[in-house]
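K.L.:
Sharing a structure below in structure tokens format, with a few things to ask.
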Amino acid sequence: MTLDSATGPATVLDAWRSRVADTPDRPALAYFDAVLTVREVDEASDALAAALFDRGVSQGDRVGIYLQNIPQYALTFLALWKIGAVALILNPMYRNRELRTLIDDAEPVALVCDEHDLDSVGATLRGSSIRLLVSTSGLDLQTRDDPRVFASTSRVTPRPDDDLMGLIDRYRGRSFPEFDPRPDDLALLAYTSGTTGPPKGAQISHANAFATALDFGERAGLDDGDVVFAVAPLFHITGAMLDAAVALIRDCMLVFAHRFDAAVTLDAVVEHRVTYTIGSITVFNAISATEGATRAHFESVKALYSGGAPIPPATVAAFESQFGCYIHNAYGMTETTAGVIAVPPGVRAPVDAASGSLSVGLPLPRVTLRTLDPSGRPTPPGLAGELEISGPQVVSGYWRNPDASESTMPEGRLRTGDVAIIDEHGWVYLVDRLKDQINVSGYKVWPREVEDALYEHSAVFEAAVVGRPDDYQGESVVAYVSLRRDATTTPD
């Protein structure tokens, strides 16, 4: 399939429709022992679109997706976009007040959830904007019932009116007014983590989503025939864009395995001959600590990427020594529709001599970066400043929050709040978050630098450094450390 930002498809749905026309019988989704072709996925998402439209979901409506990584997630994405609706991605671990806060802000008209959550969600959302609940099960679309994933899961008798797979069967072949989204139309609503205040909904357009899927996929070296494993949760922007969207727009098979389990992940990589994935460094740490994990598990892999948190150079080196695979760094935010900076495949990221930081990569082709001093003036190469990002992946703003949009994205340029160094060759090094700096007797300490030093110790598995109020110094540095298996410590 030919993908070009100037002459080709303009949205993920455009690219998907081209794929349906060109390669309908190629595999599109895999889930344990099940594989769905492009044609099967398209017909199922058509049926779901018809069902949702018939039940009152229309153009511009938000629909929450409250699921783990299962094929129904991708089916729902496509179905919503086919009727012009907006996918609201929600963490299924949110409960009660956390969930209700986001629902009240986004005001979705429908929610797709696991059947085991149906009663609790219904109670939490009583009196909200939700008028339609659709349920599904991780046990659907596969027959293996892997006990490592489903040991505590049993099938609930589905309610005929709200079972997703039942709706697909019932509405299969029915027509509906298919929608052609414009690039500027809203495709996704993804809420920030809320670390600096209440969560804010990033308004991700179809153009934003396609720009990320196209440019990051090209940076990662993805091509037709590749196999993408969705290890990052699709309720997070990384999984939604850098696992799902990059695969949907290409002739790639997207592999699901429900909620992350390291041993299950390794088996899926081997079974489906996975060539690419991106996940948090916690995922790769868990894999490295898994008994029986060997280089043989990674024989098919061409590129591993990690984002979401800085990676210490020592961690990358240890993983490569164990498995023969280099972890490529990447950087992005919800407001940049995931990754906009990444290390090219086959290239080793340099380490900044002064800070000891491993580079998060080079900007994607259409991305422009600057670092700014506290007064907002650009800093020269090699000097730390707040990272500012502009490009087609940067969202237009926050949902119903013009003040936060203007302060964070003045004139479309995102002020990230991250301190970074850009060297003379364009390599980007993250120093830390502006708000995380620790002031010890007037001396500025970046937690990241202390964490990287701790990771040099062979016994350290994970480390987190924070500041603690100190009457004498103002703040003192405190480190929390977890040890590698079989490592021990003494009070000294």
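Residue 564 in the numbering used here sits at position 127 of the sequence shown, and the numbers go up by one each step.
No residue lacks a Cβ here, since even glycine has one placed at the ideal position from N, Cα and C.
1) Quick check on asparagine 401: buried or exposed, where buried means 16 or more other Cβ atoms within 10 Å of its Cβ?
2) Does the beta-carbon distance from valine 523 to leucine 626 come in below 7 Å?
3) Going by Cα to Cα distance, which pick from Thr675, Gly745, Gly662 is closest to arginine 710?
4) Along the chain, which unbroken stretches of the beta strand (DSSP E) at least 3 residues long are found entirely within the stretch 572–617?
5) Leaving out the 5 sequence neighbours to the left and right, which residues in its chain are closer than 6 Å to alanine 755 when beta-carbon positions are compared?
6) Can you give the Cα-Cα distance for aspartate 606 and proline 461, rounded to whole angstroms?
7) Write down every uninterrupted run of the alpha helix (DSSP H) in the stretch 803–871 whose length is 4 residues or greater and which is fully enclosed by it, in chain order.
8) Return the bridge partner residues of histidine 765 from the DSSP annotation.
9) By Cβ distance below 6 Å, which residues in the same chain neighbour aspartate 908 in space, the five residues on each side in sequence not counted?
10) Let me know the secondary structure DSSP gives glutamine 496 once reduced to three states.
11) Between the stretch 589–598 and the stretch 547–565, do at least 3 Cβ pairs fall closer than 8 Å?
12) Nearest to aspartate 923 by alpha carbon, out of Gly904, Glu757, Phe898?
13) How about alanine 648 and proline 446: do their beta carbons lie closer than 7 Å?
14) Report the three-state DSSP secondary structure of valine 914 (helix, strand or coil).
15) Could you check the C-alpha separation between tyrosine 835 and threonine 925 for me, to the nearest Å?
16) Identify every run of the alpha helix (DSSP H) within the stretch 486–532, keeping only runs that are complete inside it and at least 4 residues long; order them along the chain.
17) Give the secondary structure of glutamate 899 by DSSP, where H, G and I count as helix, E and B as strand, and everything else as coil.
18) So is leucine 450 buried or exposed if we call it buried at 16+ other beta carbons inside 10 Å?
19) Please name the residue or residues paired with leucine 671 in a DSSP beta bridge.
P.N.:
Reading off the structure:
1) Given a span of 438 to 929 for the chain in the structure shown, any question on residue 401 remains unanswerable.
2) If you check the CB distance, valine 523 and leucine 626 come in under 7 Å.
3) Comparing Cα-Cα distances from arginine 710 to each of Thr675, Gly745, Gly662, the minimum goes to Gly662.
4) Within the stretch 572–617, no beta strand (DSSP E) run of at least 3 residues lies entirely inside it.
5) Within the same chain, no residue comes within 6 Å of alanine 755 by CB-CB distance, once the 5 residues on both sides are set aside.
6) Approximately 20 Å between the Cα atoms of the pair.
7) If we require 4 residues or more, the alpha helix (DSSP H) runs fully inside the stretch 803–871 come out as 839–845.
8) DSSP, once it has assigned bridges, lists Tyr742 as partnering histidine 765.
9) Confidence in aspartate 908 is poor, its pLDDT being 42 and thus under 50, which makes the residue's placement too unreliable to answer from.
10) When secondary structure is reduced to three states using DSSP, glutamine 496 falls in the coil class, being assigned neither helix nor strand.
11) Contact between the stretch 589–598 and the stretch 547–565 is present, because at least three Cβ pairs lie under 8 Å.
12) Ranking Gly904, Glu757, Phe898 by Cα distance to aspartate 923 puts Phe898 first.
13) Going by C-beta atoms, alanine 648 is not nearer than 7 Å to proline 446.
14) It is a strand residue.
15) Taking the CA atoms as reference points, tyrosine 835 sits about 47 Å from threonine 925.
16) Here the runs fully enclosed are 508–519.
17) In the structure shown, glutamate 899 sits in a strand (DSSP, three-state: E or B).
18) Within a 10 Å sphere around the beta-carbon of leucine 450 sit 16 or more other beta-carbons, which makes this residue buried.
19) For leucine 671, which the question treats as bridged, DSSP gives no partner whatsoever.
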